[in-house]
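Visitor: Before I ask anything, here is the structure I am working with.
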Amino acid sequence: MVLEVALIDILPGNEDAFAAAYAEGHKLLVGTPGCRSVRMTRGVESPSRFVLLVEWDSVEAHEQNFRASDRFTRWRELIGPHFAAPPRVEHFVDVAV
Numbered sequence: 001m002v003l004e005v006a007l008i009d010i011l012p013g014n015e016d017a018f019a020a021a022y023a024e025g026h027k028l029l030v031g032t033p034g035c036r037s038v039r040m041t042r043g044v045e046s047p048s049r050f051v052l053l054v055e056w057d058s059v060e061a062h063e064q065n066f067r068a069s070d071r072f073t074r075w076r077e078l079i080g081p082h083f084a085a086p087p088r089v090e091h092f093v094d095v096a097v
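Counting from 1, one number per residue, gives the positions in the sequence shown under UniProt numbering.
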């Protein structure tokens, strides 16, 4: 399992419109093969900053099943107009204890 973390800065004043667009596009993510869970959070100190957390079976599931699909195109059409800058996206794995 990998965790996709996307730091998303939204144009000031577009926060509610972005949240509505995310709500509409949420089904595009959760319906993707290899997607385990999706969570969007919003900054308290920085309310124009959102963090998307998606658990995937693998990096390949994210890149091949979502990013290389029409689902991603539609997703970006919905949320992209609200971006202040391109999101910063990275993948993480758990640290063994």
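No residue lacks a Cβ here, since even glycine has one placed at the ideal position from N, Cα and C.
Which class does E90 belong to by DSSP, given the choice of helix, strand or coil?
Guide: Strand at E90.
Visitor: Using the C-alpha atoms, what's the distance from P33 back to residue 98?
Guide: The requested residue 98 is not part of the displayed model; the chain covers only 1 to 97.
Visitor: Could you pull the start and end residues of the beta strand (DSSP E) that L7 belongs to?
Guide: Run containing L7: V2 to D9, per the beta strand (DSSP E) assignment.
Visitor: Classify E55 as helix, strand or coil using the three-state DSSP reduction.
Guide: Correct three-state label for E55: strand.
Visitor: For R36, list the residues DSSP reports as bridge partners.
Guide: According to DSSP, which records beta bridges pairwise, R36 is partnered with nothing at all.
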